[in-house]
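Peer 1: First, the structure itself, so that you have it in front of you.
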Amino acid sequence: MMDDFEQQIKAALAKKEPSPFFEARVLGAAKRQARDRRASARMWWASAIAAALLVTTGSAWQYEREAHEQAAGREAKARLELALKITSVKLQKISQKVEGI
Amino acid sequence: MEDQVENSEPRTFASVLRAQQSMVFSIAYHFLRDRSAAEEVAQDVFLQLHRRFDDLKSDMHISFWLRKVASHRSIDYARKRKLQPSVGLDDAPPPSVDDQPRDHFLHRRLQSLIGSLPEKPRMVMVLRYQEDLMPEEIASLLDMPVRTVKSHLQRSLAMMREKIDRSMGDVR
Numbered sequence: 001m002m003d004d005f006e007q008q009i010k011a012a013l014a015k016k017e018p019s020p021f022f023e024a025r026v027l028g029a030a031k032r033q034a035r036d037r038r039a040s041a042r043m044w045w046a047s048a049i050a051a052a053l054l055v056t057t058g059s060a061w062q063y064e065r066e067a068h069e070q071a072a073g074r075e076a077k078a079r080l081e082l083a084l085k086i087t088s089v090k091l092q093k094i095s096q097k098v099e100g101i
Numbered sequence: 102m103e104d105q106v107e108n109s110e111p112r113t114f115a116s117v118l119r120a121q122q123s124m125v126f127s128i129a130y131h132f133l134r135d136r137s138a139a140e141e142v143a144q145d146v147f148l149q150l151h152r153r154f155d156d157l158k159s160d161m162h163i164s165f166w167l168r169k170v171a172s173h174r175s176i177d178y179a180r181k182r183k184l185q186p187s188v189g190l191d192d193a194p195p196p197s198v199d200d201q202p203r204d205h206f207l208h209r210r211l212q213s214l215i216g217s218l219p220e221k222p223r224m225v226m227v228l229r230y231q232e233d234l235m236p237e238e239i240a241s242l243l244d245m246p247v248r249t250v251k252s253h254l255q256r257s258l259a260m261m262r263e264k265i266d267r268s269m270g271d272v273r
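Chains as they are written, first to last, in my numbering: chain H, 1 to 101; chain E, 102 to 273.
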């Protein structure tokens, strides 16, 4: 229950109206804010898609390079094995000849 | 009776703005004692509301949220700008037809005394007497214990009564 003094405070703190253009100004600012947010959301998605494409392309390139290097490694290994085999056969032949002398 | 958006029409941001602008502006105005600062704070509050309008489901929730954000934003604004509460000539309320000269003088004096209170007790007074809120509701809005709210109210009222009595005595 408010006494007379408190009623006077209540009257002194009665609600006031903002300026007549306040409502239009806030609605305009809200519209701009929504537009900016949509633009920044579009920008975010564009950046996200670009980043995803970059990562995918990079990964594909990396995979391709690794596959190429592995294939080259396998080829080099096969050549080395062949060379060793030929050398071994030749050494064996030389060894047989030497034993025959 | 608290301002509410009519239930008959669907709630939109514009309808909430129309219904609640006076409440939000007045909280900031009575706290800051500066019309343009109060409009700036009120605009920020409504722009924040616009960003999360879909999250707030009921009129009651919106009113609570607006009071809370308006209170905290006003306090932050005062802290940032180190705004000295003052009553400028432009801020003087236009005297209404019913106003008695004595009441007008008293109201100006009361506004000035409230403006001279520290931040938290000042906001407590604004919410209590502008918004007609109970100490429990104020405590929940300002995130402070109920006993602190009651203590702010008692001390502020006692200080204001004493100063008003003294100034009335000086007049007599």
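Glycine residues also receive a C-beta, built at the ideal position from the N, C-alpha and C atoms. Since the model is a prediction, treat every value here as computed from it, not as a measurement.
#1: Would you say the region 176-184 of chain E touches the region 131-143 of chain E, given that touching needs at least three Cβ pairs under 8 Å?
#2: Should residue 27 (chain H) be flagged as near chain E, meaning a C-beta pair shorter than 8 Å?
#3: Could you spell out the range, first to last residue, of the alpha helix (DSSP H) harbouring residue 133 (chain E)?
#4: Could you work out which residues of chain E lie near residue 18 (chain H), taking near to mean beta carbons separated by less than 7 Å?
#5: With 7 Å as the limit, tell me which residues of the region 44-78 of chain H have their beta carbon closer than that to any beta carbon of chain E; keep them in chain order.
#6: Can you tell which of E:168, E:162 and E:244 has its C-alpha closest to the C-alpha of residue 228 (chain E)?
#7: Quick check on this structure: which residue in E:267, E:262 and E:268 has the alpha carbon closest to the alpha carbon of residue 8 (chain H)?
#8: Give me the Cα-Cα distance between residue 243 (chain E) and residue 172 (chain E), rounded to the nearest whole angstrom.
#9: What's the gap between the Cα of residue 86 (chain H) and the Cα of residue 50 (chain H)?
#10: Tell me whether residue 94 (chain H) sits in a helix, a strand or coil according to DSSP, three-state version.
#11: Counting only the same chain and skipping the five closest in sequence on each side, list residues whose C-beta sits under 7 Å from that of residue 237 (chain E).
#12: For residue 153 (chain E) and residue 174 (chain E), what's the separation of their Cα atoms in angstroms?
#13: Start and end of the alpha helix (DSSP H) containing residue 15 (chain H)?
#14: Tell me whether residue 111 (chain E) sits in a helix, a strand or coil according to DSSP, three-state version.
#15: According to the Cβ coordinates, are residue 222 (chain E) and residue 256 (chain E) closer than 8 Å?
#16: With DSSP as the reference, label residue 245 (chain E) as helix, strand or coil.
#17: DSSP on residue 183 (chain E), reduced to helix/strand/coil?
#18: Let me make sure I understand the geometry here. Which of H:19, H:46 and H:10 has the alpha-carbon closest to that of residue 137 (chain E)?
#19: At the level of alpha carbons, what is the spacing between residue 4 (chain H) and residue 219 (chain E)?
#20: Quick check: is the beta carbon of residue 242 (chain E) nearer than 8 Å to any beta carbon in chain H?
#21: Whole angstroms is fine: what's the gap from residue 55 (chain H)'s alpha carbon to residue 47 (chain H)'s?
#22: Please report whether the beta-carbon of residue 212 (chain E) lies at a distance below 8 Å from any beta-carbon of chain H.
#23: For chain H, is any of its Cβ atoms less than 8 Å away from the one on residue 255 (chain E)?
Peer 2: Taking the definition as stated:
#1: yes
#2: yes
#3: 114-133
#4: 122, 126, 140 and 143
#5: none
#6: E:168
#7: E:262
#8: 8 Å
#9: 53 Å
#10: helix
#11: 247
#12: 16 Å
#13: Element bounds for residue 15 (chain H): n/a, residue is neither H nor E.
#14: coil
#15: yes
#16: coil
#17: coil
#18: H:19
#19: 24 Å
#20: no
#21: 12 Å
#22: yes
#23: no
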